[in-house]
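Q:
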Amino acid sequence: MRMNILLSNDDGFEALGINVLDRVLSERHVVTVAAPDREQSGKSHSMTIRGRVRITEYGDRHFHVSGTPADCIIYSHRCSLFPVQPDIVIAGINHGYNLSADIVYSGTCAAARQAAFYGMKAIALSAEDGCGEDTFEKAARFVLDNLEALSAAIRPMTFLNINVPVSFSGEWEKGGIGFVRYLDDISVVEECGNIRELEINGCEFHRFPAAGAYRADYEICASGRAAVTLVDVLPHYSASMDSFSL
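Residue numbers (this note's numbering): 50 to 295.
(1) Using alpha carbons as the reference points, say which of Arg51, His94, Pro118 lies closest to Leu283.
(2) Would you call the region 174 to 185 and the region 206 to 217 touching, i.e. three or more CB-CB distances under 8 Å?
(3) Quick check: what's the CA-CA separation for His78 versus Arg103?
(4) Taking one C-beta from the region 136 to 155 and one from the region 227 to 246 each time, how about it: are there three or more such pairs within less than 8 Å?
(5) Starting from Arg245, follow its DSSP beta bridges and name the residues at the other end.
(6) According to DSSP, is Phe196 part of a helix, a strand, or is it coil?
(7) Could you say if the region 194 to 210 and the region 269 to 282 meet the contact criterion of at least three C-beta pairs nearer than 8 Å?
(8) Have a look at the DSSP bridge pairing and note the partners of Arg110.
(9) Output needed for Glu106: all residues of its chain with C-beta closer than 6 Å, excluding positions within five of it in sequence on either side, in chain order.
(10) Could you tell me whether the Cβ atoms of Ala188 and Gly242 are closer together than 9 Å?
(11) Terminal residues of the continuous beta strand (DSSP E) containing Ala176?
(12) Reducing DSSP to helix, strand and coil, say where Glu130 ends up.
(13) For Ser218 and Asn195, I'd like the C-alpha separation in whole angstroms.
(14) Among Ser57, Ile139, Ile67, which one has its Cα closest to the Cα of Cys121?
(15) Quick check on the DSSP output: the beta strand (DSSP E) that includes Ile54 runs from which residue to which?
Dropping the structure here:
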């Protein structure tokens with residue numbers, strides 16, 4: 050089935066990942082791009098709610114946006130920028146995994162989440178950090194060859210989070226959401242009076258397995274398979290509230 054697909058990302062419209070995905074999906078589908086005009090990694094679900102957002106058409110059905118990944122979906126959707134409603138929104142291919150706790154920080158996941166808020170089907174697609182065009186190509190073709198099945202798996206108020214390793218075997222596995230605790234290494238790089246400038250130099254991290262029936266997404270990727278996880282867009286309340294009173 051020929052689909053109308055909206056692509057976005059958080060690495061910017063010039064990033065290799067989104068351009069490989071655009072090229073591959075265009076073989077069978079009608080693709081429109083609305084991506085940030087610069088890198089917006091780690092912006093999570095931030096939005097421009099004061100001030101203006103500029104949308105520039107740089108090619109046929111190709112736009113870059115002076116805002117965040119969520120802005121790309123909000124402004125293109127709410128101002129009817131495109132002549133048709135997308136059948137599916139795909140964010141990526143992100144340069145680096147969005148696994149476990151990364152789904153909270155990720156602008157790529159935020160674009161997919163915002164699309165789900167609007168009732169659209171959405172996929173966040175990421176590949177292992179440092180991979181080359183070959184891995185992007187494999188990730189894009191995995192989605193192209195399985196797009197109807199992937200789309201059918203998406204339920205209201207969810208999005209699919211797909212992560213592809215450099216060593217991708219072509220196989221995939223349903224994944225749970227693991228947990229990663231980041232221990233950032235922060236140093237003072239400059240002091241001037243009562244002002245200090247700080248910088249993250251790197252970090253250590255600890256990984257914890259997923260709860261539930263499926264292996265943690267990071268464990269699946271380490272085995273050479275793509276991790277495919279259906280993510281609820283809203284957090285769930287804690288059952289611990291049952292014993293809480295004022």
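Even for Gly, the Cβ is constructed at its ideal location relative to N, Cα and C.
A: Looking at the coordinates:
(1) His94
(2) yes
(3) 27 Å
(4) yes
(5) Glu240
(6) Residue identity differs from the one stated: residue 196 is Leu in this sequence, not Phe. If DSSP states are grouped into helix, strand and coil, Leu196 belongs with the helices.
(7) yes
(8) Answer by DSSP bridge pairing: none, since Arg110 is not bridged.
(9) Phe112
(10) no
(11) 171 to 176
(12) What sits at residue 130 in the sequence shown is Leu, not Glu. The answer is coil: DSSP assigns Leu130 none of H, G, I, E or B.
(13) 15 Å
(14) Ser57
(15) 53 to 57
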